[in-house]
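Worksheet: one structure, shown below.
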Amino acid sequence: MVFEEKRIPNGEPEDDPLDTVRDKCAQAEHCIHTRAKLEDCESRVGSKSETAEDCTEELFDFLHARDHCVREIYPDTVSSG
Numbered sequence: 222m223v224f225e226e227k228r229i230p231n232g233e234p235e236d237d238p239l240d241t242v243r244d245k246c247a248q249a250e251h252c253i254h255t256r257a258k259l260e261d262c263e264s265r266v267g268s269k270s271e272t273a274e275d276c277t278e279e280l281f282d283f284l285h286a287r288d289h290c291v292r293e294i295y296p297d298t299v300s301s302g
C-alpha cells in the first residue's frame, strides 16, 4: 500500500465559511435591530463609572437573531439546539 504525502500549508488559515455567513446574517434587518440595541446598551454602560448593567440580554438577543438567520440558510447542517 502506498500512501500519498499530503502537504498542509503552514500559514494563514482559510476563512471559515460559517464566519462569512454570520457576517452576512448580521446585516439582516432583524439582526441590525438587535445589534443597535446592543450598541445602545454598550454606549450607556460605557458612559457610567459604576453600573450593574452588563448588556448580557442584548448580546444574547443579537446572537440568537444572527444564529436563527444562519439556520435558515443552512437548515440541514446547523443544529437548532
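Under the numbering used here, the sequence shown is numbered contiguously, ending at residue 302. Yeah, the Cβ is synthetic: ideal placement off N, Cα and C, and Gly gets one too. The structure presented is a predicted model; accordingly, all values stated were derived computationally and were not measured.
*Go ahead and pull the three-state DSSP assignment for residue 270.*
coil
*What separation, rounded to the nearest whole angstrom, lies between the Cα atoms of residue 254 and residue 235?*
30 Å
*Secondary structure of residue 284, DSSP reduced to three states*: In the structure shown, residue 284 adopts helical secondary structure according to DSSP, grouped into three states.
_For residue 247 and residue 264, the rounded distance between their alpha carbons_ = 19 Å
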